[in-house]
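Student: This is the structure I want to talk about, given as structure tokens.
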Amino acid sequence: MHAHTTAAEAELSWMRMGIVGGLCASVFYPLLIFLPGAPLAVSATLAALLGPAIGLASLGLHRLLRLGGRPTASAIGAISNVAAGALLTAMLLVQLGVRSRAPDTVGDMVGIWLGLDVAWDVYVGLGTVCSAVSMFAHPRYRWPFAVPGLAIGLLLLVLNLWTFPEPPDTAGLVDVGPLVGLWYLVVTVQLWRSLAWARQEVTR
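Position in the sequence shown (from 1) plus 920 gives the number in my numbering.
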């Protein structure tokens, strides 16, 4: 009985950490975009924390989705999003490093982070699609969350691969990134609202 209770609390702890990670990512990302003139140390810190926050959010979400959704799809989604977070942090730190040390050569180096940008979008797009697929069967999400997530994830993949190496917005198309961020914020809030349900499930 004690071992079962400990395992249940561990599952709930992962979900709580996922909520913290998701909320932090929802704050760090816009700060990086809307504070371009921030001190380098501040921008580098935000970039360094953003990737792990995305990974933590995805692992916490997976713990909930595997209780009632499609566990294989949610596991693939979590793995993809952890990789996406690592690629995003790498891209942002490369951008910051090049611009701070060699601003005159930015034009020559831009291809490096354009490739990393598309790699991050591919992984987060795949993670979004797989997480959304798992949500169709999950009692706390189902189609109101799954359909928008599936559509946004697929659109992100198609647009980024279609316009490679240019980002879709610079190629005259739409940037789906803000929609992805908004969807994950709503998903994180629903994860928070689902903690009581999750507690009942893991303590059965």
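Idealized CB from N, CA, C, for every residue including glycine. From a predicted model like this one, the values you see are computed outputs, not experimental measurements.
(1) Since L987 and A1116 should fall inside the 8 Å C-beta cutoff, what is the C-beta to C-beta distance between them, to a whole number of angstroms?
(2) Would you please state the rounded distance, in angstroms, between the beta carbons of I974 and G1005? I believe it to be under 8 Å.
(3) In the DSSP assignment, the alpha helix (DSSP H) including V1122 goes from what residue to what residue?
(4) Out of Y1104, V1053 and T1108, which has the shortest C-alpha to C-alpha gap to I996?
(5) Are the segment 1101-1111 and the segment 1080-1092 touching by the rule of at least three beta carbon pairs closer than 8 Å?
(6) In chain order, what residues of the same chain have a beta carbon less than 8 Å from the beta carbon of M921, not counting five sequence neighbours either side?
(7) Can you tell me whether E929 is buried or exposed? The criterion is at least 16 other CB atoms within 10 Å of its CB, across all chains shown.
(8) Measure from the C-beta of S1020 to each C-beta in chain C and report whether the shortest distance is under 9 Å.
(9) Are A967 and S1051 closer than 9 Å when you measure CB to CB?
(10) Note down, in chain order, each residue of its chain lying with its Cβ closer than 8 Å to the Cβ of S946, except the 5 sequence neighbours on either side.
(11) Using the three-state DSSP reduction, which class does P1068 fall into: helix, strand or coil?
(12) With H, G and I counted as helix, E and B as strand and the rest as coil, what does DSSP make of P972?
(13) Roughly how many whole angstroms lie between the Cα atoms of V962 and R1124?
(14) How long is the line joining the alpha carbons of G1092 and T926, rounded to whole angstroms?
(15) Quick check on Q1015: buried or exposed, where buried means 16 or more other Cβ atoms within 10 Å of its Cβ?
(16) From which residue to which residue does the alpha helix (DSSP H) around V1002 run?
(17) Hey, A977 and G1035: beta-carbon distance below 9 Å or not?
Tutor: In short:
(1) The residue you call residue 987 lines up with position 67 of the sequence shown. The residue you call residue 1116 lines up with position 196 of the sequence shown. About 13 Å separates the two Cβ atoms, so there is no contact after all.
(2) Indexing the sequence shown from 1 puts residue 974 at position 54. Indexing the sequence shown from 1 puts residue 1005 at position 85. In this structure I974 touches G1005 by the C-beta definition: roughly 4 Å separates them, less than 8 Å.
(3) Taking the sequence shown and counting its residues from 1, the one referred to as residue 1122 is at position 202. In the DSSP assignment, V1122 falls within the alpha helix (DSSP H) that extends over L1115 to V1122.
(4) Within the sequence shown, numbered from 1, the residue matching residue 996 stands at position 76. Looking at the Cα atoms, V1053 is the closest of the given residues.
(5) The answer is no - the segment 1080-1092 does not touch the segment 1101-1111, with fewer than three Cβ pairs under 8 Å.
(6) Counting from 1 along the sequence shown, the entry for residue 921 is found at position 1. Bear in mind that the predicted position of M921 carries a pLDDT of just 48, short of 50, making it unreliable; the figure below should be weighed with that in mind. So no residue of the chain qualifies.
(7) If you number the sequence shown from 1, residue 929 lands on position 9. By the Cβ neighbour-count rule, E929 is exposed, with fewer than 16 other Cβ atoms within 10 Å of its own.
(8) Among the chains in the structure shown there is no chain C, since it carries only a single protein chain.
(9) Stepping through the sequence shown from its first residue, residue 967 is reached at position 47. Stepping through the sequence shown from its first residue, residue 1051 is reached at position 131. Contact: no.
(10) The residue labelled residue 946 in the question sits at position 26 within the sequence shown. Excluding five sequence positions before and after S946, the CB atoms of its chain that fall closer than 8 Å to its own CB belong to G1101, Y1104, L1105 and T1108, given in chain order.
(11) By 1-based counting over the sequence shown, the position of residue 1068 is 148. Here P1068 sits in helix by DSSP.
(12) In the sequence shown, counting from the first residue as 1, residue 972 sits at position 52. Of the three classes helix, strand and coil, the one that applies to P972 here is helix, per DSSP.
(13) As a working note, residue 962 is residue 42 in the sequence shown. As a working note, residue 1124 is residue 204 in the sequence shown. If you draw a straight line from the Cα of V962 to the Cα of R1124, it comes to about 45 Å.
(14) Your numbering for residue 1092 matches position 172 in the sequence shown. Your numbering for residue 926 matches position 6 in the sequence shown. Straight through space, the alpha carbons of T926 and G1092 are spaced by roughly 53 Å.
(15) Counted from its first residue, the sequence shown places residue 1015 at position 95. The residue is buried, with at least 16 neighbouring Cβ atoms inside 10 Å.
(16) One-based indexing of the sequence shown puts residue 1002 at position 82. Run containing V1002: P991 to R1021, per the alpha helix (DSSP H) assignment.
(17) For the purposes of this step, residue 977 is identified with residue 57 of the sequence shown, where counting begins at 1. For the purposes of this step, residue 1035 is identified with residue 115 of the sequence shown, where counting begins at 1. No; because the gap between Cβ atoms is not below 9 Å, this pair is not in contact.
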